[in-house]
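Peer 1: For reference, the structure I am asking about is given below.
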Amino acid sequence: MDPQLTTIQPGGGIIINLEMLWGRWRRFWLKTFRPGYVKKMESTRKGDFNPCPHDVLDPRDLKYHENQGGYYWEEADDPFAYRSRLPFAREGLAELFVLSTLFFGGAALLTGVILSGVVTGVLSYIGWLLVLTLVLFGMEIVWFFRNPQRAIPAGEGVIVSPADGTFDTIEEIAHHEYIGGPAIEIGIFLSIFNVHINRMPVAGKIIKLVYRPGKCLNALRPESTRLNERLEVYLQMPEPTNRPMLVQQITGAIARRIVCRLKPGDELTKGAQFGMIKLGSRTVIVFPQEEGLEILAKPGDKLKAGSTTLAKYAESPTEASNEEA
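The opening position of the sequence shown corresponds to residue 3 in my numbering, with each subsequent residue numbered one higher.
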C-alpha cells in the first residue's frame, strides 16, 4: 500500500471535510443518547484494530478508511448495507445530497421569489433562466452519480472495460515494466455525462496501489495520462495465466477526486466495483500483448464499465483441457 493512501479519497475535498465534521457530531450524539446502540454495534464488529483516526461506532465511521483493513461488519450486521444497493454511486451519496440540495433548493427558492412578485419585467425573465439553469445542473448531478446494473460477460480470457466513456486512444508498448514485456494501453475518456464508477476489468488479486499527485489538465489532452493526478491499481489474474494488468484512475480539469476502496491482497471478481472518479476524467488500462489476443473494441466506441468487452485472450492449453474434461 502506498503510504500516501490514508483514505479512499487521497485528494481530499470539501465534501469529505464536511462528512468528517458531521461524523464528530454523530459520534457524540450516539455516545450520549444511544449507548445501547453503540454497545450492540461493538458486539457485532469484526477485525483486530481501528484503521481510523477516530472512534469507530458503526460502519459509517469506516467509509473513508476501508482501504486500511482492520474493523469491519458482516453485511448481515450492517444496518447501512442497503446504501451499496441504491441506484446511485455509494461513494458519491454525500455529493449527491449536498449538490442536488444546493441546485434544486436554489431553484425552488428563486422560483418563490419570482412568484412573489419581488422581481418583475426583464429581471423575472432572467430569474426564470437561472431557475432552469439550476434545475439542469441538479439533474446532471443526479444523472452523474447514477449506478446502473451491468451484465458481466463470461469467460476467463475476457477483458471488460473498467470505465464508461469513449474509447479514446490505443498504444502498443514494446516493453512495459510491470507487465514484463510487450503491452497494449487503452485510454478511455469519461465526460460529465458518463457513469464514473470504475469496475474490475478481470477477476484478480490486487498486488499494489500507487498514488501520484499531479496536474488537472483537460482529460482530452493526451499528456493528461502522464501529468495528471492519478491512482494506479496493479493487479494479477488468477492461475493458470497469472497475467499482470494495470488500471489507472486519472483526474481531469473538472474531476479532481479519485476514490479507490482497494487494498493490496483484495481479490475481486470481474466487473466488481472498486471506486470512482468524480466529474469528468480518464481511465487507462494496460494488459499483456500476447499471441492470440484479439482487440474487440476500437477507437470511438462508447464503452460500458463491466459489460463492454475490450479484448479477449485465446484459450490457454490448460483452460481448453479443463473444458474438454
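We treat Cβ as the ideally placed atom computed from N, Cα and C, and that holds for glycine.
1. Can you name, in chain order, every residue of its own chain whose Cβ lies under 8 Å from the Cβ of Ala176, other than the five neighbours on each side?
2. Rank Pro246, Glu173 and Cys262 by C-alpha distance to the C-alpha of Tyr213 and give the top, closest one.
3. Counting C-beta neighbours from all protein chains within 10 Å, is the total for Lys280 16 or more, i.e. buried, or is it exposed?
4. In the DSSP output, what is Gln238 paired with across the bridge?
5. Whether or not the segment 29-36 and the segment 53-72 are in contact is what I'm after, with contact meaning three or more pairs of Cβ atoms, one per stretch, closer than 8 Å; do they touch?
6. Would you kindly work out how many angstroms separate the C-alpha atoms of Asn19 and Gln11, rounded to a whole number?
7. Between Pro150 and Val197, what straight-line distance do the alpha-carbon atoms span, to the nearest angstrom?
8. Buried or exposed: where does Glu93 fall if 16 or more other Cβ atoms within 10 Å of its Cβ makes it buried?
9. Report, in whole angstroms, the separation of the C-beta atoms of Arg232 and Ile252, which I expect to be a contact under 8 Å.
10. Which residues in the same chain have their Cβ closer than 6 Å to the Cβ of Ala316, if we skip the five residues on either side of it in sequence?
11. Using only the alpha-carbon positions, how far apart do Ile128 and Phe82 sit?
12. Please identify the residue among Ile199, Met22, Leu132 and Trp24 whose C-alpha is closest to the C-alpha of Arg152.
13. By DSSP's criteria, His178 is part of a beta bridge. Which residues make up the other side?
14. What's the gap between the Cα of Val249 and the Cα of Asn230?
15. Taking the alpha-carbon of Lys314 as reference, which of Arg245, Gly72 and Phe99 has the nearest alpha-carbon?
16. Could you pull the DSSP bridge partners for Phe195 from this structure?
17. Can Asp166 and Gly189 be called in contact, C-beta distance under 8 Å?
18. Can you tell me the Cα-Cα spacing of Glu321 and Val286, whole angstroms?
19. How many angstroms separate the CA atom of Met247 from the CA atom of Leu88?
20. Let me make sure I understand the geometry here. Which of Val288, Gln275, Lys304 and Leu219 has the alpha-carbon closest to that of Phe90?
21. Please report the residue range of the beta strand (DSSP E) in which Gly254 lies.
Peer 2: In terms of the structure at hand:
1. Your numbering for residue 176 matches position 174 in the sequence shown. Pro184.
2. As a first step, residue 213 is located in the sequence shown; it is residue number 211 there, counting from the start. For Tyr213, the closest of Pro246, Glu173 and Cys262 by C-alpha to C-alpha distance is Cys262.
3. Reading the sequence shown from its first residue, position 278 is the one you call residue 280. When all chains shown are included, Lys280 counts as buried.
4. Translated into the one-based positions of the sequence shown, residue 238 becomes position 236. As DSSP reads the structure, Gln238 sits in a beta bridge with Lys207 and Pro246.
5. Contact between the segment 53-72 and the segment 29-36 is present, with at least three C-beta pairs closer than 8 Å.
6. Here residue 19 refers to the residue found at position 17 of the sequence shown. Here residue 11 refers to the residue found at position 9 of the sequence shown. For Asn19 and Gln11, the distance between alpha carbons rounds to 11 Å.
7. Walking along the sequence shown from the start, residue 150 turns up at place 148. Walking along the sequence shown from the start, residue 197 turns up at place 195. Distance from the CA atom of Pro150 to the CA atom of Val197, rounded to whole angstroms, is 8 Å.
8. Counting from 1 along the sequence shown, the entry for residue 93 is found at position 91. So Glu93 ends up on the buried side.
9. Residue mapping note: residue 232 aligns to position 230 of the sequence shown, counting from 1. Residue mapping note: residue 252 aligns to position 250 of the sequence shown, counting from 1. Taking C-beta atoms under 8 Å as the contact rule, Arg232 and Ile252 qualify, at a distance of about 4 Å.
10. Counting from one through the sequence shown, the residue named residue 316 turns up at place 314. Excluding residues within five positions, the ones whose Cβ falls inside 6 Å are Gly294.
11. Numbered from its first residue, the sequence shown carries residue 128 at position 126. Numbered from its first residue, the sequence shown carries residue 82 at position 80. Computed Cα separation, rounded: 43 Å.
12. Here residue 152 refers to the residue found at position 150 when the sequence shown is read from its first residue. Relative to Arg152, the option among Ile199, Met22, Leu132 and Trp24 whose CA is nearest is Ile199.
13. Along the sequence shown, one-based indexing puts residue 178 at 176. As computed with DSSP, His178 is found in a beta bridge with Gly183.
14. As a working mapping, residue 249 is identified with position 247 in the sequence shown. As a working mapping, residue 230 is identified with position 228 in the sequence shown. When rounded, the distance between both Cα atoms is 15 Å.
15. Taking the sequence shown and counting its residues from 1, one reaches residue 314 at position 312. Selected option, being the one with the closest Cα: Arg245.
16. Numbered from its first residue, the sequence shown carries residue 195 at position 193. Phe195 pairs with nothing; no bridge assigned.
17. Counting from one through the sequence shown, the residue named residue 166 turns up at place 164. Counting from one through the sequence shown, the residue named residue 189 turns up at place 187. Cβ atoms of Asp166 and Gly189: not closer than 8 Å.
18. Residue mapping note: residue 321 aligns to position 319 of the sequence shown, counting from 1. Residue mapping note: residue 286 aligns to position 284 of the sequence shown, counting from 1. With a pLDDT of 47 at Glu321, under the threshold of 50, the predicted position of this residue should be treated as unreliable, though the coordinate-derived value follows. Cα to Cα, Glu321 sits roughly 28 Å from Val286.
19. By 1-based counting over the sequence shown, the position of residue 247 is 245. By 1-based counting over the sequence shown, the position of residue 88 is 86. Taking the straight line joining both Cα atoms gives about 30 Å.
20. Position 88 of the sequence shown, counted from the start, is the residue given in the question as residue 90. Nearest in C-alpha terms to Phe90, of all of Val288, Gln275, Lys304 and Leu219, is Gln275.
21. Counted from its first residue, the sequence shown places residue 254 at position 252. Element bounds for Gly254: n/a, residue is neither H nor E.
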